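Quick note: the sequence shown uses this note's numbering, first residue 786, plus one each step.
The structure appears below as structure tokens.
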Amino acid sequence: MSLLSKVRIILERKKQKLVSNYGSDATIVEEMLRPYRDKKYNDVPPDPRLIDPSRIAALRERLASQYSYRWRDLEANNEIAEAVFAGRRSKNDGLIRLIYNSALENNQGHGPPLTVNPISWKETDRYFRKYYISVAISSVRRYIDDLGDAEHLLRSVYPSCGYTMMYGAAGRRVRLECDGEIGPWIDAGSAARSLIIATFERLERHPEQAAAWREP
């Protein structure tokens, strides 16, 4: 087989993989959007993404286990994002998640022409902001490997919470401080992993307090 033929085969396989990935992601998007298709809201819609405390508890225990190092290296960050943001994994290891958007529409469901002067609008042609639920694909942060990413998750889920960190010979201990409530000390070796476990300890107890439309 000539070199040119081999190159063509490789390119064709890459093309088929891209088409397959797009088809799979498109199917996931369709499944996620189906309950909200053609629904519009006058205000920001309620966040439909629910947090499962049992799933959070299982992840917290696995993050703390000394035997789960390979899982932490390969899968943990993706599973954290899927659990906290109720997302689905894309073929490229991104996170497909629900978001909300808005658009201006009149009573007939039409948007304003780009050239129209707002002063010329008639009462029957007045435009109103309508909200709808859509999807976005985000990259997954390194939550248990990078303290900045771990802090981002904490702020996204519990914007009013902070934390205290203590340095010791064995590592760094972390505890959350939320609205006067102080959580337990968590020592998982690294600061980032300790902070995620501390966040999950609270999230397991207070999933209803998680911020609406939290961002990964």
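Note that the Cβ used here is the ideal one computed from N, Cα and C, for glycine as well.
Here the structure is a predicted model, which means the values were calculated and not measured.
Comparing C-alpha positions only, which one of the options sits nearest to residue i?
i: ASP972; options: ASP810, GLN851, CYS963; result: GLN851
i: GLU816; options: ARG957, THR949, ARG873; result: ARG873
i: LYS825; options: SER923, TYR928, TYR885; result: TYR885
i: ARG958; options: GLY974, VAL829, PRO944, ALA811; result: GLY974
i: GLU860; options: GLY947, ARG927, ARG911; result: ARG927
i: ALA843; options: GLU966, LEU988, GLU993, ALA811; result: LEU988
i: VAL829; options: PRO898, ARG845, ARG914; result: ARG914
i: PHE985; options: ARG847, PRO831, ASN827, ASP823; result: ARG847
i: ASP858; options: SER809, GLU966, ARG990, ASP931; result: ASP931
i: TRP970; options: ARG960, SER979, PRO838; result: ARG960
i: ASN827; options: ASP964, ALA888, PRO820; result: ALA888
i: GLU993; options: GLY933, ASN877, TYR943, ASN863; result: TYR943
i: TYR952; options: SER979, GLN893, ASN863; result: SER979
i: ILE865; options: ASN892, ASP934, ARG990, PRO831; result: ASP934
i: ARG990; options: ILE841, HIS895, ASN877; result: ILE841
Going by the CB atoms, is the gap between residue j and residue i shorter than 8 Å?
i: ILE881; j: ILE813; result: yes
i: ILE918; j: LEU883; result: yes
i: GLY879; j: VAL920; result: no
i: MET950; j: ALA976; result: yes
i: SER941; j: ALA996; result: yes
i: PRO833; j: SER923; result: no
i: VAL869; j: LEU938; result: yes
i: ASP823; j: SER875; result: no
i: GLY965; j: ALA983; result: no
i: PRO897; j: TYR912; result: yes
i: CYS946; j: GLU936; result: no
Classify residue i as helix, strand or coil using the three-state DSSP reduction.
i: VAL925; result: coil
i: SER941; result: helix
i: ALA983; result: helix
i: GLU989; result: helix
i: ASP931; result: coil
i: ALA868; result: helix
i: GLU1000; result: coil
i: GLU908; result: Legend: pLDDT at GLU908 = 49, less than 50; position of this residue unreliable, value from coordinates given subsequently. GLU908: helix per DSSP, three-state reduction.
i: ALA888; result: strand
i: VAL792; result: Residue placement at VAL792 is poorly supported in this model, since its pLDDT is 45, which falls under 50; the coordinates still yield a value, given next. It is helical.
Should residue i be labelled buried (16 or more other beta-carbon atoms within 10 Å of its own) or exposed?
i: TYR854; result: exposed
i: SER839; result: exposed
i: ASN862; result: buried
Write down every uninterrupted run of the beta strand (DSSP E) in the region 805-866 whose length is 3 residues or greater and which is fully enclosed by it, in chain order. none
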